[in-house]
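Report on one structure; see the data block that follows.
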Amino acid sequence: MKGVLRFGKKGKLSPRYIRPYEILARVGVVAYRLALPLELSLVHSIFHVSMLRKYIPDPSHVLKASNIQLDENLTYEEEPVFIMDKQVRKLRLKEMATMKVAWKNHSSEEVAWEDEKVMRAKYYGESATH
1 MKGVLRFGKK GKLSPRYIRP YEILARVGVV AYRLALPLEL SLVHSIFHVS
51 MLRKYIPDPS HVLKASNIQL DENLTYEEEP VFIMDKQVRK LRLKEMATMK
101 VAWKNHSSEE VAWEDEKVMR AKYYGESATH
């Protein structure tokens, strides 16, 4: 065949898959860009999903975590960015004011309904008895 790169043997005995490569980016709906080594520089780096197969984890590919050092304090303070909505929920004997809050270190899908009295006391310095 003209223009076809072969790896190893020709014909039926040629390998169908070479080895796993790192996925750099998703290109479109059904294609991926792979990180190919220099010996495969003549091969285009974008592949259709039908030409790829699922990676089967190999314990020898796992890095040892003994030399990784973690910081003692890996926490952060949650801060409200803005209030998206307010509503009053009516229970049997009382009404509960809630607000939909977008948080600083969270995505836009992770907004949450919080109790208005608790939010005002914790973040705005107002007493919770209002």
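Numbering (full-length UniProt numbering), first residue to last: 1 to 130. Every residue gets a Cβ at the ideal spot worked out from N, C-alpha and C, and that includes glycine.
Practice item. Ignore the nearest five residues each way along the sequence and tell me which others in R53's own chain have a CB closer than 7 Å to its CB. Key: Taken in chain order, the residues that qualify are Y17.
Practice item. Would you kindly work out how many angstroms separate the C-alpha atoms of I56 and E79, rounded to a whole number? Key: In this model, I56 and E79 are separated by some 41 Å (Cα to Cα).
**Study point:** Own chain, CB closer than 6 Å to H130, minus 5 neighbours either side, in chain order
**Key:** Unreliable positioning characterises H130 in this predicted model, as indicated by a pLDDT of 48, which lies under 50. The coordinate reading is nonetheless provided below. Excluding positions up to five away in sequence, the list is empty.
Check your understanding: Roughly how many angstroms lie between the CA atoms of V62 and P20, to the nearest whole one?
Key -> Cα atoms of V62 and P20: separation of roughly 14 Å, rounded to the nearest angstrom.
Check your understanding: Are the C-beta of P57 and some C-beta of chain D separated by less than 8 Å?
Key -> Absent here is chain D; the protein component of the structure consists of one chain.
Review point. To the nearest whole angstrom, what separates the beta carbons of L36 and V29, a pair I think is in contact under 8 Å?
Key: Their Cβ separation, rounded to whole angstroms, is 22 Å, which puts L36 and V29 out of contact at 8 Å.
Review point. Helix, strand or coil for P57 per DSSP?
Key: When DSSP states are grouped into helix, strand and coil, P57 belongs to the coil group.
Check your understanding: Tell me the DSSP bridge mates of L34?
Key -> Listed as beta-bridge partners of L34 by DSSP are I23.
Practice item. List the residues that DSSP assigns as beta-bridge partners of D115. Key: D115 is bridged to T98.
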